[in-house]
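The opening residue of the sequence shown carries number 665 in this note's numbering; numbering runs sequentially from there.
No residue lacks a Cβ here, since even glycine has one placed at the ideal position from N, Cα and C.
Some notes on the structure that comes next.
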Amino acid sequence: PYATAAAVWPDVRVDPSVFRRYVEARAPSGDAGTLRLADLYIACACAQGDERALDAFRTKLGPAIRHAVKSSVPAAFVDDGEQRVFFKLFVPRPGAEPAIATYNGRGKLSTWVQVVARREARNTLRREMTRGVCDVRKAELQRRYRDRDDAMPRSFRREMCDAFRSAFATA
């Protein structure tokens, strides 16, 4: 299984004994045959912070992450959302492994990553909305109307933002 998984990621090197322990931790019954070993291989390497693995991951799965983020937040927040996903996946929190280490190999890594990306993007949007209810809409409207000269969009934005803040506060 090691050679097959390693062949999918030729530029990435994981010590066979490390990979074996990584797989065994995700297949406690010893049935590793049901796991997606090539996906676990790259996840294992990324969890260890291997630069080549991180580059390979970003190259292969980066577009899926960007697509998931774009489908979850306004355009003004896509770049920030995408960076937060990579941060969440690969930067360990104190006393814990990076989130990529929680991937268990039972489903496709690309699907798992898209779920993580959508959740993190929505969390990013929620954080932005708590900072200022209309900041999200304001950024989107600015993007849409930045090339227009008329004052209508600015006054409309101001009026609607105040109305929305009032309605939200009442709710």
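If Leu701 and Thr723 are in contact, beta carbons under 8 Å, what's the gap, nearest whole angstrom?
Stepping through the sequence shown from its first residue, residue 701 is reached at position 37. Stepping through the sequence shown from its first residue, residue 723 is reached at position 59. Actually they do not touch by this definition, with Cβ atoms about 20 Å apart.
Expressed to the nearest angstrom, what Euclidean distance is found between the alpha-carbon atoms of Leu725 and Pro738?
The sequence position of residue 725 within the sequence shown is 61, counting from 1. The sequence position of residue 738 within the sequence shown is 74, counting from 1. Each residue's alpha carbon lies about 21 Å from the other.
Given Val749 as reference, the closest of Ile729, Arg791 and Pro665 once Cα atoms are compared
Looking up residue 749 in the sequence shown gives position 85. Of the listed residues, the one whose Cα sits closest to Val749 is Ile729.
Exposed or buried, Phe741, counting other C-beta atoms within 10 Å across all chains shown (16 or more means buried)?
Position 77 of the sequence shown, counted from the first residue, corresponds to residue 741. Under this definition Phe741 is a buried residue.
Identify, in the order they occur along the chain, each residue of the same chain with its Cβ nearer than 7 Å to the Cβ of Leu718, setting aside the five sequence neighbours on each side.
For the purposes of this step, residue 718 is identified with residue 54 of the sequence shown, where counting begins at 1. The beta carbon of Leu718 is closer than 7 Å to those of Cys710 and Phe754 in its chain, skipping five residues each way along the sequence.
Residues in its own chain within less than 6 Å of Val672 by CB, not counting five upstream and five downstream?
Here residue 672 corresponds to residue number 8 of the sequence shown, with the count starting at 1. If we look at Val672 and ignore the five residues flanking it on each side, its Cβ neighbours are Ala702.
Specify, as a first and last residue, the run of the alpha helix (DSSP H) that Asp658 falls within.
The structure shown does not extend to residue 658, since the chain is modelled only from 665 to 835, so the question has no answer here.
Quick one: is Val687 buried, meaning 16 or more other Cβ sit within 10 Å of its Cβ, or exposed?
Counting from 1 along the sequence shown, the entry for residue 687 is found at position 23. Val687 counts as buried, since at least 16 other C-beta atoms from the protein chains shown sit within 10 angstroms of its C-beta.
Since Ala670 contacts Val733 with CB under 8 Å, what's their CB separation in whole angstroms?
Looking up residue 670 in the sequence shown gives position 6. Looking up residue 733 in the sequence shown gives position 69. Going by Cβ atoms, the distance from Ala670 to Val733 rounds to 30 Å, so no, they are not a contact pair.
Cβ shell of Ala763 (< 6 Å), same chain only, five flanking positions each side left out
Locating residue 763 in the sequence shown gives position 99, counting from the first residue. Lys752 and Leu753.
Cβ-Cβ separation, Ile706 to Leu773 (assumed contact under 8 Å), whole Å:
Counting from one through the sequence shown, the residue named residue 773 turns up at place 109. Counting from one through the sequence shown, the residue named residue 706 turns up at place 42. Taking a contact as a CB-CB distance under 8 Å, the pair Leu773 and Ile706 counts as one, their CB atoms being some 7 Å apart.
Mind checking Val779: buried by the 16 CB within 10 Å criterion, or exposed?
Residue mapping note: residue 779 aligns to position 115 of the sequence shown, counting from 1. So Val779 counts as exposed.
Please report how far the alpha carbon of Val678 lies from the alpha carbon of Cys708, in whole angstroms.
Within the sequence shown, numbered from 1, the residue matching residue 678 stands at position 14. Within the sequence shown, numbered from 1, the residue matching residue 708 stands at position 44. Each residue's CA atom was taken as its position, placing Val678 and Cys708 some 8 Å apart.
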